[in-house]
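Residue numbering for the sequence shown follows this note's numbering, beginning at 34 and increasing consecutively.
Where is the CB? At the ideal position from N, CA and C, for every residue including glycine.
Here the structure is a predicted model, which is why all the values come from computation and not from measurement.
See structure below.
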Amino acid sequence: QFVNSFISQYNDDVQEIRVINTICLPTRRQKQSAIDLARRVDLMIVVGGRHSANTRHLAEICQEVGVETHHIEQPEEIQISWLQGRERVGVTAGSSTPDDIIDRVVGHLEEMARRVESQDMAAHRHEAAFSATSGARDGYPDTASTAGGSR
């Protein structure tokens, strides 16, 4: 886009234009890996500085894939609501993001996932107990043992 715009604006003044792709191979591979991962998950977390063009671009391309994407700098920014109803969460990071930050984000996500799973199990136990109680009142005493509830 930029090159086309530049050429159309300065076509009469410029005799030669050379365009050189300065994006290094590891950055191109990282971009492709992020795209591949984003296609396989329910949520993407992109870790890195808000002012990092590389990290912002990773977040943009993950969003373009169609997956909900959040760009964070620190693990504490992750909201537990992002994980609810998700089965797969992908994590990618800008090229200058320190490994210890990435490790902390992954650890924080694992802990949050355990909490969400625990909450889901507690809600399921509550639903089962409610079903057992209402079933017993409706004259279906076997419902309590079938649903795993107790009388």
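Note the first and the last residue of the continuous alpha helix (DSSP H) segment covering residue i.
i: isoleucine 53; result: Looking at the DSSP string, isoleucine 53 is not in any alpha helix (DSSP H), and its letter there is neither H nor E.
i: asparagine 37; result: 35-43
i: isoleucine 113; result: 113-116
For residue i, does the count of other Cβ atoms within 10 angstroms reach 16, so buried, or fall short, so exposed?
i: valine 36; result: exposed
i: glycine 81; result: buried
i: proline 131; result: exposed
i: isoleucine 113; result: exposed
i: serine 85; result: buried
i: alanine 67; result: buried
i: valine 79; result: buried
i: glycine 127; result: buried
My guess is that residue i and residue j are in contact by the Cβ rule of under 8 Å, so how many angstroms apart are they, rounded?
i: valine 122; j: aspartate 75; result: 7 Å
i: valine 149; j: valine 138; result: In fact, because the Cβ distance is near 16 Å, the residues do not count as touching under 8 Å.
i: lysine 64; j: isoleucine 94; result: 6 Å
i: isoleucine 50; j: isoleucine 40; result: 7 Å
Assuming residue i is part of the beta strand (DSSP E), what are its boundary residues?
i: histidine 90; result: No beta strand (DSSP E) contains histidine 90, which is instead part of the alpha helix (DSSP H) from 86-98.
Using DSSP bridges, identify the partner residues of residue i.
i: glycine 127; result: Beta-bridge pairing links glycine 127 to no other residue.
i: valine 122; result: Leu76
i: histidine 103; result: Ile78
Quick one: any contact between the segment 93-100 and the segment 137-146, if contact means 3 or more CB pairs under 8 Å?
no
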